[in-house]
Amino acid sequence: MDFHDYLESCGETAERESRLLEELAGSGELSFLQRRAARSSLQILIENAIGKSRRILKHYNCPTVPKTGRDAASFLYETGVIDDELYRELSAAIGFRNAMIHDYMDFSEELLEEMVHSGRWRVLVDYLKWVPELTEVQVHRIEGFLL
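Numbering-wise, the sequence shown is residues 1198 to 1344 according to the numbering used here.
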C-alpha cells in the first residue's frame, strides 16, 4: 500500500470509529457492552495514530524508525512535524492505551467513560484524517534524525 492509500485508509478508520464514539459520547452511563465497544474503538484509534506516526517517518526516510509509539510521537515533535499540543495529546493517548492493555485488571472504567464523554479522542480522529504536507526543512530534519 502506498503512502497516499495508507493515509486514506487512516481517514476511513477514523471516520468509522468516530461514528461509534460520538454515539457513545451522547449516551449516559455506559453499559458493559458499550464500554467494551469504546475500549475497542479507542484502541483502534490510538494504535492507528501510532502506526501513522511511524509511517510518516518511514515515508520521509527517517534513518531510525522508532519501535514505540511514544518515541514516534517524540520524533515527530522534535522534527517540527507536530506541535506541542498534539504531542501532549498523542503521548497521553499512548499512555491511556498502555494502561488499557497492560493494566487490564486495574484499569479504571471511570477513566474510560471520561475519555468517551469528554471527547478527547477527537484529536486522534483529526490526526488520522490529517494529510501531512511537510516543508523541506521538516523533511531534512527527519532524514537527519538520529537517536
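For glycine and all other residues, C-beta sits at the position ideal for the given N, C-alpha and C.
query                                                                                                                                     : result
Please classify GLY1277: does DSSP put it in a helix, a strand, or coil?                                                                  : coil
Nearest by alpha-carbon distance to HIS1256: which of GLU1219, HIS1201, LEU1239, ALA1211 is it?                                           : HIS1201
Expressed to the nearest angstrom, what Euclidean distance is found between the alpha-carbon atoms of ARG1317 and CYS1259?                : 29 Å
At which residues does the alpha helix (DSSP H) containing PHE1200 begin and terminate?                                                   : 1200 to 1222
Taking the alpha carbon of ALA1289 as the reference point, which residue from GLU1244, THR1276, VAL1328 has its own alpha carbon closest? : GLU1244
Got a sec? Which residues, its chain only, sit under 6 Å from GLU1286 by beta carbon, not counting five neighbours each side?             : VAL1320
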